[in-house]
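Trainee: Take a look at this one; I'll ask things after.
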Amino acid sequence: SRKTDNTKIHNLFVNTAFRYQLLPSLQARVNLGYTYLSGRGVAKEDTFAAMDPAKIFDFTTATSFFETNDRSSAIIEPQLSYERRFGQGHRFSAILGATYQHSNTAYQQVEATGYSSDLLLEGLLGATQTKYYRDDNSQ
């Protein structure tokens, strides 16, 4: 089988860091990050244009897959650092930090079959049968 795919993907990546001196020996920091990925597409399988005309019969059909995929993730990393110098060449350092991460994924696909013409493959109305798949995940 032959497959053609027309998918549009959008990406967004944001990352930043802040630092603040609370006291001469105490510093606060936070790193922040966010990612978003979105994809929308139509894949066409077994199109009539790709078939040998001698092998096209009344019962021959084509298939389309309509897919959406969304992913997002966030990270927050706060940190406190303490540094104290004493004596000659001596210092004491301590770091306290944490990490928070969260992600979401949503995937949907509609498999549409039974198309009698390639002109109908961009929509669901020309299909004689549809199957719906979905997967959502949050962590």
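Residue numbers 412 to 550, in the working numbering, belong to the letters of the sequence shown in order.
Using N, Cα and C, we set each Cβ at its ideal position, and we do this for glycine too.
#1: Using only the alpha-carbon positions, how far apart do ARG430 and TYR518 sit?
#2: With a threshold of 16 other CB atoms inside 10 Å of the CB of SER504, please say whether the residue is buried or exposed.
#3: Considering GLY508, what are the terminal residues of the beta strand (DSSP E) in which it resides?
#4: What's the gap between the Cα of ARG425 and the Cα of SER527?
#5: Excluding the 5 residues preceding and the 5 following HIS421 in the sequence, name in chain order all residues of the same chain whose CB lies nearer than 6 Å to its CB.
#6: Are LEU491 and ALA439 touching if we call contact CB-CB under 7 Å?
#7: State the Cα-Cα distance for the pair THR479 and ASP416, rounded to the nearest angstrom.
#8: If you draw a straight line from the alpha carbon of LEU535 to that of GLU488, how long is it in whole angstroms?
#9: Going by beta-carbon coordinates alone, are SER483 and TYR447 separated by less than 7 Å?
#10: Along the beta strand (DSSP E) that carries SER514, what are the first and last residues, could you check?
#11: If contacts are defined as beta-carbon pairs under 8 Å, then THR471 and GLU522 qualify, I think. What distance do you get, rounded to the angstrom?
#12: For PHE477, report the span of its beta strand (DSSP E) as first-last.
#13: Under the assumption that ALA485 contacts GLY444 (Cβ atoms under 8 Å), give the Cβ distance between them as a whole number of angstroms.
#14: Alpha carbon to alpha carbon, what distance is there between ASN442 and LEU532?
Mentor: Looking at the atomic coordinates:
#1: Cα to Cα, ARG430 sits roughly 37 Å from TYR518.
#2: exposed
#3: Looking at the DSSP string, the run of the beta strand (DSSP E) that includes GLY508 is 501-508.
#4: Reading the sequence as shown, one finds Val at residue 425 and not Arg. C-alpha separation (whole angstroms): 46 Å.
#5: Exclusion of the five residues before and after HIS421 leaves SER449 as the residues of its chain whose Cβ lies within less than 6 Å of its Cβ.
#6: yes
#7: 13 Å
#8: 45 Å
#9: yes
#10: 511-526
#11: Incorrect: roughly 17 Å between the Cβ atoms, too far for contact.
#12: 473-497
#13: 7 Å
#14: 46 Å
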